[in-house]
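Chains as they are written, first to last, in our numbering: chain A, 2 to 348; chain B, 22 to 403. Just so it is clear, CB atoms sit at the ideal spot from N, CA and C, and this is done for glycine as well.
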Amino acid sequence: MTTAAKTGAAVTAAAAKAAKPATMAQALGRALRDAMAEDPAVHVMGEDVGALGGVFRVTDGLVKEFGEDRVTDTPLAEAGILGTAVGMAMYGLRPVVEMQFDAFAYPAFEQLFSHVARMRNRTRGAMPMPMVIRVPYGGGIGGVEHHSDSSEAYYMATPGLHVVTPATVEDAYGLMRAAIASDDPVVFLEPKRLYWSKAAWSPDAPAAVEPIGRAVVRRSGRSATLITYGPSLPVCMEAAEAAGAEGWDLEVVDLRSLVPFDDTTVAASVRRTGRAVVVHESTGFGGPGGEIAARVTERCFHHLEAPVLRVAGFDIPYPPPMLERHHLPGVDRVLDAVARLQWEAGS
Amino acid sequence: MKKSTMTVQEMPGAAAYRPTPPPAWKPRTDPAPLLPDSEPYRVLGTDAAGRLDAALMRRLYAELVRGRRYNTQATALTKQGRLAVYPSSTGQEACEVAAALVLQEQDWLFPSYRDTLAAVARGLDPVQALTLLRGDWHTGYDPREHRIAPLCTPLATQLPHAVGLAHAARLKGDDVVALAMVGDGGTSEGDFHEALNFAAVWQAPVVFLVQNNGFAISVPLAKQTAAPSLAHKAVGYGMPGRLVDGNDAAAVHEVLAEAVERARRGGGPTLVEAVTYRIDAHTNADDATRYRGEAEVEAWRTHDPVQLLERELTQRAILDADAVRQAREEAETMAADLRERMNADPVLDPMDLFTHVYAEKTAQLREQEALLRAELDAEGER
Numbered sequence: 002m003t004t005a006a007k008t009g010a011a012v013t014a015a016a017a018k019a020a021k022p023a024t025m026a027q028a029l030g031r032a033l034r035d036a037m038a039e040d041p042a043v044h045v046m047g048e049d050v051g052a053l054g055g056v057f058r059v060t061d062g063l064v065k066e067f068g069e070d071r072v073t074d075t076p077l078a079e080a081g082i083l084g085t086a087v088g089m090a091m092y093g094l095r096p097v098v099e100m101q102f103d104a105f106a107y108p109a110f111e112q113l114f115s116h117v118a119r120m121r122n123r124t125r126g127a128m129p130m131p132m133v134i135r136v137p138y139g140g141g142i143g144g145v146e147h148h149s150d151s152s153e154a155y156y157m158a159t160p161g162l163h164v165v166t167p168a169t170v171e172d173a174y175g176l177m178r179a180a181i182a183s184d185d186p187v188v189f190l191e192p193k194r195l196y197w198s199k200a201a202w203s204p205d206a207p208a209a210v211e212p213i214g215r216a217v218v219r220r221s222g223r224s225a226t227l228i229t230y231g232p233s234l235p236v237c238m239e240a241a242e243a244a245g246a247e248g249w250d251l252e253v254v255d256l257r258s259l260v261p262f263d264d265t266t267v268a269a270s271v272r273r274t275g276r277a278v279v280v281h282e283s284t285g286f287g288g289p290g291g292e293i294a295a296r297v298t299e300r301c302f303h304h305l306e307a308p309v310l311r312v313a314g315f316d317i318p319y320p321p322p323m324l325e326r327h328h329l330p331g332v333d334r335v336l337d338a339v340a341r342l343q344w345e346a347g348s
Numbered sequence: 022m023k024k025s026t027m028t029v030q031e032m033p034g035a036a037a038y039r040p041t042p043p044p045a046w047k048p049r050t051d052p053a054p055l056l057p058d059s060e061p062y063r064v065l066g067t068d069a070a071g072r073l074d075a076a077l078m079r080r081l082y083a084e085l086v087r088g089r090r091y092n093t094q095a096t097a098l099t100k101q102g103r104l105a106v107y108p109s110s111t112g113q114e115a116c117e118v119a120a121a122l123v124l125q126e127q128d129w130l131f132p133s134y135r136d137t138l139a140a141v142a143r144g145l146d147p148v149q150a151l152t153l154l155r156g157d158w159h160t161g162y163d164p165r166e167h168r169i170a171p172l173c174t175p176l177a178t179q180l181p182h183a184v185g186l187a188h189a190a191r192l193k194g195d196d197v198v199a200l201a202m203v204g205d206g207g208t209s210e211g212d213f214h215e216a217l218n219f220a221a222v223w224q225a226p227v228v229f230l231v232q233n234n235g236f237a238i239s240v241p242l243a244k245q246t247a248a249p250s251l252a253h254k255a256v257g258y259g260m261p262g263r264l265v266d267g268n269d270a271a272a273v274h275e276v277l278a279e280a281v282e283r284a285r286r287g288g289g290p291t292l293v294e295a296v297t298y299r300i301d302a303h304t305n306a307d308d309a310t311r312y313r314g315e316a317e318v319e320a321w322r323t324h325d326p327v328q329l330l331e332r333e334l335t336q337r338a339i340l341d342a343d344a345v346r347q348a349r350e351e352a353e354t355m356a357a358d359l360r361e362r363m364n365a366d367p368v369l370d371p372m373d374l375f376t377h378v379y380a381e382k383t384a385q386l387r388e389q390e391a392l393l394r395a396e397l398d399a400e401g402e403r
């Protein structure tokens, strides 16, 4: 064996060793760690992010490595957390703020809508707001009241914010790095039920960071496009596998970024397939699916064989945990929607 | 299997068992040093006026005269249609001016919408200060250049910004104090509470100046709070509260200067309540006769901040007729310049609407920009 071959084998072995299964929560934590190590302006703040490592353990170990000045357990007040983060960003820091749960972020909405989202605009670019607002969101973890909301529509409707959400371990790392590097405020929606999802992922060789605003085709198909994001991606992937038995070859698009919205990737897919279903946990009425369906229809009308359908959460307050399985879009509901895409001529 | 019937005393570690649990609270400290005076602190008309700094007082006076003229000129501009709206600080000039003068170059001011005068007294061009109220853009200046945060309209929401900025500066080891201004109505907002709490926990170098001008638009203080004074609110956060006569420019300056100095040397935040009065209506669009009598306003006119200072300084020969005349002339020059420049129509580019939403325009914004450009082309405006 040559030296080069030996080295190559060693590298391969090391990579195989490094690429042991990692969870999305670990990948997010690693992204925070790497960003903090690279840039002293990056600060992490929120409730229980220090010694506890966050209630989902995303910030585990950060306070030990970077100290309390950069990893700060704040008083329990979301408006105060985001409001002081605004002041820190005004002074040149890049705060990464944790809202402990989706529904606990609401007290911070005034700061988010009236200041974070607008500061660049109202100061003609003099004072951008480079910050990340991490929001664990969505259901499916058996959470009691106020622990399972999908609040993305509120954020999407607010100009000045970027809104992203990973669905894979790789994207959790890559999107978080991109979000922290962004000079615009990014609402980073973390799908709670995917926190413990695993993938063979090496923190030593993370995938290249794609810029915010790019959707990705997770599964190629010719029959119809499932447009989804975050916690509903695994549902759609499973539905697409099951659909094969029915003779449908489904394409699955993972949006990753709700704002900016990647019209190009989505429209290209629907033009190829001629049919589309939007899938998300958020309520259907006034939810992201309405905007997405409208955009697809505006761009693909002459390619469509059927109306764009939506599979969404019901228009109800998030249900108690023992009933949530009836609320969340599942594989069957997705397949039922696919079945309604006017497959028979003249239907 | 044996049923678990262990008593606490039988449990492992019982030797260390104490019937009283360890305290989950801090030992209580004496709140007395944090309490404000029972009466607003005054300098003018008291023995303390015997030790006034003559040069500082002359500067304060000149700024008060200029500030009063600025207020009357801005109000006049609303009548001429040159300002969309003006929330006057007439009667509150002592607070506005003192807030600006106690700060050093590197310090930061966090004004509310009523505090354009404080920004002007800090050195900002009045035209830039009034941009928001003229309506050609939301902020007319670069906040970092002047270390003046954008004028804040949602009540008290600028207070946590001041805390965060001061905290960030301290983390960086910079000598920076933030002074944040809010009204009596604003103290009822949740952001007021959260800002004061964060500031105290972090010991951030911040001074909170509450101008208690008696009204939140039409609602009097009695309907706003049951606290003994707004300054008393400080005690609950563990910071000192100071109560001062907001129309006594020398007193406001002294109290604010002490609070700024305390913050600068690492002593933490202070809450200052300055008792003053809003002589004008809430804005030019408000009708104050619906909720208060003229007699009350007249009574406050006799406690006018400009006159109070002028009388004291003249009596003490710190100010002579020439200095008074010079201050008034300078104020007139400022007003004439402001009038002239505000009478020119601002040059607006509608395409600016899309320029600063994001660092880079999204594809959607580029589409909308093209739409507006086509509309403008059709109108022949461009």
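Q: Alpha carbon to alpha carbon, how far is A86/A from Q224/B? Give it in angstroms, no decimals.
A: Here residue 224/B is taken as the residue at index 203 of the second sequence, counted from 1. Here residue 86/A is taken as the residue at index 85 of the first sequence, counted from 1. Taking the straight line from one Cα to the other gives about 16 Å.
Q. Does DSSP put H44/A in a helix, in a strand, or in coil?
A. If you number the first sequence from 1, residue 44/A lands on position 43. H44/A falls in the strand class under three-state DSSP.
(Q) I believe G331/A touches V184/B by the beta-carbon criterion, under 8 Å. Please report the beta-carbon distance rounded to the nearest angstrom. (A) Here residue 331/A is taken as the residue at index 330 of the first sequence, counted from 1. Here residue 184/B is taken as the residue at index 163 of the second sequence, counted from 1. The pair is not a contact, with the Cβ atoms about 46 Å apart (cut-off 8 Å).
Q. Alpha carbon to alpha carbon, what distance is there between F189/A and D205/A?
A. In the first sequence, residue 205/A corresponds to position 204, counting from 1. In the first sequence, residue 189/A corresponds to position 188, counting from 1. Cα-Cα distance, rounded: 23 Å.
**Q.** Backbone secondary structure at F302/A - three-state DSSP
**A.** For the purposes of this step, residue 302/A is taken as residue 301 along the first sequence, with counting starting at 1. In the structure shown, F302/A sits in a helix (DSSP, three-state: H, G or I).
Q: Mind checking who G314/A pairs with in its DSSP beta bridge?
A: Position 313 of the first sequence, counted from the start, is the residue given in the question as residue 314/A. Beta-bridge pairing links G314/A to T284/A.
Q: State yes or no: is the beta carbon of E390/B nearer than 8 Å to at least one beta carbon in chain C?
A: The structure shown has no chain C; the protein chains it does contain are A and B.
(Q) Less than 8 Å between the beta carbons of V227/B and A201/B, yes or no? (A) Start at 1 with the first residue of the second sequence, and residue 227/B comes out as number 206. Start at 1 with the first residue of the second sequence, and residue 201/B comes out as number 180. Contact: yes.
Q | Proximal chain B residues relative to T85/A, where beta-carbon distance stays under 7 Å | A | Here the question's residue 85/A lines up with position 84 in the first sequence. The answer, in chain order, is P181, V184, G185, H188, F219.
Q. Helix, strand or coil for V218/A per DSSP?
A. Taking the first residue of the first sequence as position 1, residue 218/A is located at position 217. In this structure, V218/A counts as strand in the three-state DSSP scheme.
Q: For chain B, find out if any of its Cβ atoms is closer than 8 Å to the Cβ of A11/A; answer yes or no.
A: As a first step, residue 11/A must be located in the first sequence, where it is residue number 10. At A11/A, the pLDDT of 45 sits below 50, so the modelled position is not reliable; the number obtained from the coordinates is stated separately. No, because no Cβ of chain B sits closer than 8 Å to the Cβ of A11/A.
Q) What first and last residue would you give for the alpha helix (DSSP H) that runs through L85/B? A) Along the second sequence, one-based indexing puts residue 85/B at 64. From DSSP, the alpha helix (DSSP H) with L85/B extends over 75-100.
Q) Considering only the beta carbon of each residue, do A97/B and R155/B sit closer than 8 Å? A) By 1-based counting over the second sequence, the position of residue 97/B is 76. By 1-based counting over the second sequence, the position of residue 155/B is 134. No, the Cβ-Cβ distance between A97/B and R155/B is not below 8 Å.
**Q.** Simplified DSSP state of H303/B, which is helix, strand or coil
**A.** Working through the second sequence from its first residue, we reach residue 303/B at position 282. Coil, per DSSP.
Q | Close beta carbons around S149/A, own chain, < 6 Å, minus the five adjacent residues each side | A | As a position in the first sequence, residue 149/A is number 148, starting the count at 1. Hits under 6 Å: G140, Y319.
Q: Compile a chain-ordered list of the residues in the segment 283-304 of chain A whose CB is closer than 7 Å to at least one CB of chain B.
A: none
Q: Using a Cβ cut-off of 8 Å (strictly closer), state whether Y107/A contacts chain B.
A: Taking the first sequence and counting its residues from 1, the one referred to as residue 107/A is at position 106. False, the Cβ-Cβ gap to chain B never drops below 8 Å.
Q.
Suppose only complete runs of 3+ residues qualify. What are the beta strand (DSSP E) ranges in the segment 93-161 of chain B, listed by chain order?
A. 129-131
Q: Assuming V72/A and V64/A form a contact by the criterion Cβ under 8 Å, report the distance between their Cβ atoms to the nearest whole angstrom.
A: Taking the first residue of the first sequence as position 1, residue 72/A is located at position 71. Taking the first residue of the first sequence as position 1, residue 64/A is located at position 63. Confirmed, Cβ separation roughly 4 Å.
Q | Range of the contiguous beta strand (DSSP E) that encloses I134/A | A | If you number the first sequence from 1, residue 134/A lands on position 133. That run of the beta strand (DSSP E) goes 133-138.
Q. Exposed or buried, which one is Q125/B when buried takes at least 16 other CB atoms within 10 Å?
A. The residue you call residue 125/B lines up with position 104 of the second sequence. Its Cβ having fewer than 16 others within 10 Å, Q125/B is exposed.
Q. So, does the CB of R87/B fall closer than 8 Å to a CB anywhere in chain A?
A. For the purposes of this step, residue 87/B is taken as residue 66 along the second sequence, with counting starting at 1. Closer than 8 Å: no.
(Q) Let me see if you follow: with CB-CB separation under 8 Å, is G222/A close to chain B or not? (A) As a working note, residue 222/A is residue 221 in the first sequence. It does not: the Cβ of G222/A has no partner Cβ on chain B nearer than 8 Å.
Q) So is Q385/B in contact with chain A if we call contact Cβ pairs under 8 Å? A) Within the second sequence, numbered from 1, the residue matching residue 385/B stands at position 364. Yes, contact with chain A.
Q: Provide the residue span of the beta strand (DSSP E) that contains V188/A, from first to last.
A: As a first step, residue 188/A is located in the first sequence; it is residue number 187 there, counting from the start. Start and end: 187-192.
Q: For the beta strand (DSSP E) holding F229/B, just list the boundary residues, first then last.
A: Stepping through the second sequence from its first residue, residue 229/B is reached at position 208. Element bounds for F229/B: 227-233.
Q. A399/B: buried (16+ other C-beta within 10 angstroms of its C-beta) or exposed?
A. Along the second sequence, read from residue 1 onward, the residue named residue 399/B stands at position 378. Label assigned to A399/B: exposed.
**Q.** Minimum length 4: unbroken alpha helix (DSSP H) runs contained in the segment 183-224 of chain B
**A.** 211-223
Q) Looking at the unbroken alpha helix (DSSP H) that takes in G175/A, where does it start and where does it end? A) Locating residue 175/A in the first sequence gives position 174, where the first residue counts as 1. Where G175/A is concerned, the enclosing alpha helix (DSSP H) stretches over 170-182.
**Q.** Pairwise C-alpha distance: A168/A and P235/A
**A.** Along the first sequence, one-based indexing puts residue 235/A at 234. Along the first sequence, one-based indexing puts residue 168/A at 167. Going by the C-alpha atoms only, they are around 8 Å apart.
(Q) Which of the three DSSP states is assigned to G262/B in this structure? (A) Within the second sequence, numbered from 1, the residue matching residue 262/B stands at position 241. Three-state result, G262/B: strand.
**Q.** Helix, strand or coil at V253/A according to DSSP, with G and I counted as helix
**A.** By one-based count along the first sequence, residue 253/A stands at place 252. V253/A: strand per DSSP, three-state reduction.
Q: Can you give me the Cβ contacts of Q112/A inside the same chain, cut-off strictly under 7 Å, excluding the 5 residues immediately before and after it?
A: By one-based count along the first sequence, residue 112/A stands at place 111. Contacts found: A80, L83, G84, V87.
**Q.** Cross-chain neighbours of T178/B in chain A, by beta carbon under 7 Å
**A.** Position 157 of the second sequence, counted from the start, is the residue given in the question as residue 178/B. Within chain A, the residues near T178/B are G84, E111, Q112, S115, H116.
Q) Name the DSSP bridge partner or partners of T226/A? A) Taking the first residue of the first sequence as 1, we reach residue 226/A at position 225. According to DSSP, which records beta bridges pairwise, T226/A is partnered with E252/A, A277/A.
**Q.** contact_flag[the segment 244-254 of chain B, the segment 287-303 of chain B] where n(CB pairs < 8 Å) is 3 or more
**A.** yes
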